[in-house]
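Single-structure report; data block below.
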Amino acid sequence: MATLLMRLQGPLQSWGTTSRFDERDTQLEPSKSGVLGLVCAALGRDRGEPVEDLAVLRMGVRVDREGVPMRDYQTATGVLLASGKADLRRTVVSPRFHLADAAFLVGLEGADESLLARIHGALRAPFWPLALGRKSFVPGLPVWLADGLSPLPLEWALAGYPRLAPARRGEEGQPLRCLLEDEREGAIRLDQPVAPFAERRFGPRFVKSGVLHAPDQTDA
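In this note's numbering, the protein residues as written are 53 to 272.
See below:
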């Protein structure tokens with residue numbers, strides 16, 4: 053098994069998995085559906101195309117800097133009513149949640165090294181612009197890592213890679229949170245793509261939480 057590592061770091065990120073109606077949530081870490089959506093953008097894969105080859109990849113996340121949860125909102129007028137008519141006098145408020153100043157090291161593990169190599173190349177020169185959960189949330193640093201293609205298993209690759217961001221004051225020396233996809237046990241996340249993204253169908257997967265001690269930060 054080989055692992056592809058990528059850097060998800062920027063001023064704002066949002067990784068929703070349970071958004072309903074006008075409220076848009078975010079997890080505290082990148083979702084698998086969001087990460088694979090980013091990969092599809094890099095590859096130039098349309099939303100109607102199959103994603104089975106990507107969905108079988110095992111994902112892990114190392115939280116190099118926790119995001120600060122924040123909330124804003126958007127408004128819209130002329131919303132359609134149940135009757136099918138638009139009410140021009142009605143304003144709908146849509147709360148939006150996001151993370152500020154977060155840094156994540158994400159790994160995708162798989163047996164098909166040629167697929168991981170294609171993704172690695174696409175992240176360097178993406179077909180479409182990349183975003184951290186929302187189109188307006190662009191990466192602050194490149195997602196592509198020059199040494200991101202590793203022959204190591206997921207856990208070892210995440211543990212051995214230099215830290216992406218320095219610790220905040222008072223957090224020096226603390227271990228980093230890590231979430232690893234598991235076949236049989238862990239917390240359930242409803243972000244496993246089971247159909248092309250255009251169909252918006254996602255199933256459950258297990259995720260186990262732990263901690264890692266990463267090497268000191270470098271200019272990766």
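All C-beta atoms, glycine included, are put in the ideal place defined by N, C-alpha and C.
| Check | Outcome |
| --- | --- |
| List, from N- to C-terminal side, the alpha helix (DSSP H) runs of 4 residues or more that fit wholly inside the segment 134-200. | 165-176 |
| Who are S202's beta bridge partners in DSSP? | T55 |
| How many Å lie between E101 and M58 at the Cα? | 23 Å |
| Taking Cβ positions, are G185 and L56 nearer each other than 9 Å? | no |
| Helix or strand or just coil, what does DSSP make of E223? | coil |
| Does DSSP classify D118 as helix, strand or coil? | According to the sequence shown, residue 118 is Glu rather than Asp. Coil. |
| Just grab the DSSP bridge partners of A273 for me. | The requested residue 273 does not occur in the structure, where the chain is confined to residues 53 to 272. |
| Within the 9 Å Cβ cut-off, does G68 reach chain B? | Of the protein chains in the structure, only one exists, and it is not chain B. |
| Let me check understanding here. Comparing Cα to Cα, which of P248, A247, E237 and P267 lies closest to W208? | P267 |
| Consult DSSP for D234 and reduce its assignment to one of helix, strand or coil. | strand |
| Among the candidates L167, A174 and A93, whose CA atom is the shortest distance from the CA of A198? | A174 |
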